[in-house]
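Letter 260 of the sequence shown, counting from 1, is numbered 260 in full-length UniProt numbering, and no numbers are missing. Ideal placement from N, C-alpha and C gives every residue a C-beta, glycine not left out. Step one of this worksheet: look at the structure below.
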Amino acid sequence: MKGIGASAGIAIGNVLVKGNKIEVKKYKIEDCDNEIKRFRKALDTSISQIKDLIVFTEDTLGKEEGKVFEAHIHMLKDEELITLIESKVKESKFNIEWAVKDATDFYVDMFNSLDNSYMRERSIDLIDVSNRIINNLLNLDTIDYSKLNEAVILAANDLTPSETAQLPKNKVLGFITEAGGPTSHVAIIAKNLGIPAIVGAGKVLDSFNEKSLIVMDGGTGEFFINPDNLIINQFNEKKNYLEKEEELNKHVLGMESISKDGKTFEIVCNIGAPEELNQVIENDGEGIGLFRSEFIYMGRGEAPSEEEQLNCYKKVVQGMNGKPVIIRTLDVGGDKEIPYLNIEKEQNPFLGFRASRYCLKEKELFKVQLRAILRSSAFGNVRVMFPMISSVQEVRAIKKLLEECKSELKANKIAYDENIKIGIMIEIPSAAIISDILAKEVDFFSIGTNDLIQYTIAVDRLNESISELYTPYHPAILRLISTVIKNGHKEGITVGICGEAASDIKLLPVFMGMDLDEFSVSPALVLKLRRHMKKFSTTEAKEISNKILKLEDSEIINKLLEDTMNCYEKIE
Ligand code: PEP
Ligand code: MG
């Protein structure tokens with residue numbers, strides 16, 4: 001079975017199914033004032049519980065995560081909601097628990113009917129708040145993890161952010177939810193807590209019995225219910241292997257990213273939100289190689305303002321404390337939909353009106369972002385990068401807009417880095433082929449292998465039925481990457497890779513041998529890459545990449561890379 005991998009890691013254990021529905025009875029009451037008194041008391045209790053929760057969350061996860069629950073306090077103090085609930089009791093003479101549920105259901109249904117994922121996610125917060133008030137009115141316990149004899153894998157229709165933040169790591173090995181997306185608060189909190197998690201698994205709760213054994217991989221989203229011994233052994237092996245690896249990886253914390261003979265490379269991180277900064281710092285990321293800024297446009301009803309964007313970029317830039325931060329401009333389109341931008345349905349969205357193409361048409365929206373990025377450059381080491389570049393005209397048009405934004409800021413005496421470095425993603429074959437021309441226009445390249453593979457081999461990166469054709473080992477991909485690096489270096493600019501291929505350990509010596517300057521990977525993979533990097537000397541890496549570049553087919557390349565890795569695996 002498969003859901004969406006939301007937080008990496010293997011978990012094996014018995015399931016605990018969490019019922020989301022609280023039974024709320026509806027009955028006539030005599031004393032309205034008493035019901036309202038009970039309600040006010042339950043509100044006070046809920047507020048003080050959430051205040052404790054904020055302190056707990058800030059201590060365990062950080063300030064930013066605590067903010068999720070400040071929104072809960074606002075809901076508990078919302079006069080409109082309180083008046084609605086109390087007037088329901090007074091007018092209908094039904095009990096307060098029913099009134100709380102009826103009033104919050106009304107708002108939840110309204111939020112859910114909107115074509116807006118931000119509002120839909122807020123409805124989860126409202127359910128969380130409503131359940132808390134009702135639990136307090138009825139003196140109900142939520143799951144008491146301290147009474148569990150053994151650690152479990154939690155399965156639920158959905159979890160609320162507050163439930164997720166309070167999951168005790170020693171009792172909850174992992175969780176699977178039927179609902180939810182990879183950018184929800186729940187997924188972000190799970191990642192930060194280091195609890196393996198799968199979200200968006202679809203209707204699966206009915207398949208679990210009390211005591212079903214589950215094995216799950218929060219990285220791939222794969223899970224099995226009551227698997228046979230063969231699968232259990234495979235998952236156990238994966239788990240042991242990952243644990244051993246993690247221990248070994250810790251040995252390179254605080255060290256430089258260098259080859260066996262001392263050549264330095266940069267290992268930086270891919271992030272989608274300031275909340276991921278903790279992980280970058282914990283894992284010793286040397287900067288941000290790709291801040292996917294489109295995620296800050298998602299889950300809301302309108303584009304973030306210049307100030308909102310500035311605050312968000314500033315947090316990342318200041319958090320990195322002088323280390324480089326590459327902010328990629330809005331890469332909307334393809335599979336990344338932002339409903340309020342009203343991009344029409346297209347036959348081939350990946351080949352359509354997306355990313356820089358969209359931004360060059362929607363100049364005002366684009367300039368808001370450019371100004372915010374420029375302003376953030378006054379607070380640290382910021383670089384700006386443009387996605388989906390296919391021609392030199394596009395680069396020149398973007399640079400012109402950037403100059404316009406600089407002039408506007410200058411005229412208003414607003415600070416920014418005048419020498420901010422400009423880069424482009426090389427992720428369309430045409431850009432790779434003319435990389436000699438493009439290299440004269442910019443300060444750096446970052447190769448987006450995720451898209452470069454799909455466009456070069458003409459294989460949809462989302463289509464499971466042709467997924468075996470999607471490979472970074474295709475000679476065309478490796479030749480293009482080698483060409484781009486050489487062309488970049490001829491013009492004296494740096495070249496990185498920020499697609500998933502950058503963290504493929506088998507390709508590490510190949511890219512080192514090609515003299516790639518920068519590897520941009522998920523925070524959790526920095527140390528692993530650094531540890532393997534020091535196994536190869538520059539001469540060895542060059543030999544491997546030269547050999548690979550002469551091969552004709554991806555299967556042979558894969559096999560040779562596997563054999564090479566096996567030879568180097570045991571070196572520590
Ligand atoms: C890429 O295409 O390789 C890339 C890093 O960008 P994204 O995955 O966001 O398209
Ligand atoms: Mg891309």
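{"Asked": "Measure the C-alpha to C-alpha separation of Val-392 and Gly-333 and round it to an integer number of angstroms.", "Found": "21 Å"}
{"Asked": "Please state whether DSSP places Leu-154 in a helix, a strand or coil.", "Found": "strand"}
{"Asked": "Using alpha carbons as the reference points, say which of Gly-262, Ile-453, Lys-67, Thr-104 lies closest to Ile-127.", "Found": "Thr-104"}
{"Asked": "Could you give the residue range of the beta strand (DSSP E) that holds Val-160?", "Found": "The residue asked about is misnamed: residue 160 is Thr in this sequence, not Val. That residue, Thr-160, is in no beta strand (DSSP E); it is neither H nor E in DSSP."}
{"Asked": "Might you give, ordered along the chain, the residues of its own chain that have their beta carbon closer than 7 Å to the beta carbon of Ile-54, omitting 5 neighbours on each side?", "Found": "Gly-66, Phe-69, Glu-70"}
{"Asked": "Residues in its own chain within less than 6 Å of Val-459 by CB, not counting five upstream and five downstream?", "Found": "Ile-466, Leu-469, Tyr-470"}
{"Asked": "Less than 7 Å between C-beta atoms, sequence neighbours within five positions excluded: which residues of the same chain meet that for Pro-523?", "Found": "Cys-269, Glu-276, Gln-279, Val-280, Asn-283, Gly-285"}
{"Asked": "Is Asp-125 helix, strand or coil when you go by DSSP?", "Found": "helix"}
{"Asked": "Would Leu-16 and Ala-187 be called neighbours here (beta carbons separated by less than 9 Å)?", "Found": "no"}
{"Asked": "Do Gly-5 and Leu-173 have their C-beta atoms within less than 9 Å of each other?", "Found": "no"}
{"Asked": "I'd like the list of long-range same chain contacts for Val-368, defined as Cβ closer than 6 Å, with 5 residues on each side in sequence excluded.", "Found": "Glu-306"}
{"Asked": "Identify the continuous beta strand (DSSP E) that holds Ile-422 and give its terminal residues.", "Found": "421-426"}
{"Asked": "Measuring CB to CB, does Val-325 end up less than 9 Å from Asn-381?", "Found": "yes"}
{"Asked": "Closest to Glu-408 by CA distance: which of Arg-375, Asp-436, Pro-387 is it?", "Found": "Arg-375"}
{"Asked": "Let me check one thing: in DSSP terms, what residues is Ser-7 bridge-paired to?", "Found": "Ala-197"}
{"Asked": "Compute the Euclidean distance between the alpha carbons of Ile-267 and Gly-287, then round it to the nearest angstrom.", "Found": "8 Å"}
{"Asked": "Among Lys-250, Lys-440, Ile-134, whose alpha-carbon lies nearest the alpha-carbon of His-489?", "Found": "Lys-440"}
{"Asked": "Taking 8 Å as the line, does the beta carbon of Asn-270 fall inside it for any heavy atom of ligand 1?", "Found": "yes"}
{"Asked": "Would the beta-carbon of Pro-475 fall within 9 Å of that of Ile-557?", "Found": "yes"}
{"Asked": "Is Asn-34 close to ligand 1? I mean its beta-carbon at under 8 Å from any heavy atom of the ligand.", "Found": "no"}
{"Asked": "Among Phe-208, Leu-213, Leu-205, Gly-219, whose alpha-carbon lies nearest the alpha-carbon of Ile-197?", "Found": "For the record, residue 197 in the displayed sequence is Ala; it is not Ile. Considering only alpha carbons, the answer is Gly-219."}
{"Asked": "Using the C-alpha atoms, what's the distance from Glu-64 back to Leu-438?", "Found": "39 Å"}
{"Asked": "How is the beta strand (DSSP E) around Asp-217 delimited, first residue to last?", "Found": "213-217"}
{"Asked": "Just checking, does the stretch 443-459 make contact with the stretch 301-319 on the three C-beta pairs under 8 Å criterion?", "Found": "no"}
{"Asked": "What is the DSSP secondary structure of residue 598, counted as helix, strand or coil?", "Found": "The structure shown has nothing for residue 598, since the chain only spans 1 to 572."}
{"Asked": "What is the rounded straight-line gap between the Cα of Asp-553 and the Cα of Ile-505?", "Found": "19 Å"}
{"Asked": "Would Thr-329 be called buried (16 or more neighbouring beta carbons within 10 Å of its own) or exposed?", "Found": "buried"}
{"Asked": "Assuming Arg-328 is part of the beta strand (DSSP E), what are its boundary residues?", "Found": "325-328"}
{"Asked": "Is Glu-518 helix, strand or coil by DSSP?", "Found": "strand"}
{"Asked": "Of all the options Glu-500, Gly-200, Glu-427, which has the alpha carbon lying nearest to the alpha carbon of Ile-457?", "Found": "Glu-427"}
{"Asked": "Nearest by alpha-carbon distance to Ile-133: which of Ser-113, Asn-112, Ile-82 is it?", "Found": "Ile-82"}
{"Asked": "Less than 9 Å between the beta carbons of Ile-143 and Ile-176, yes or no?", "Found": "no"}
{"Asked": "Which full runs of the alpha helix (DSSP H) of 4+ residues lie inside the stretch 393-446, going along the chain?", "Found": "429-433, 435-438"}
{"Asked": "Going by beta-carbon coordinates alone, are Leu-137 and Ile-189 separated by less than 9 Å?", "Found": "no"}
{"Asked": "Roughly how far, in whole angstroms, is the beta-carbon of Lys-260 from the beta-carbon of Ser-537, given that I think they are within contact range, below 8 Å?", "Found": "4 Å"}
{"Asked": "Counting only C-beta atoms, is Asn-463 closer than 9 Å to chain C at any point?", "Found": "This model lacks chain C altogether; it includes just one protein chain."}
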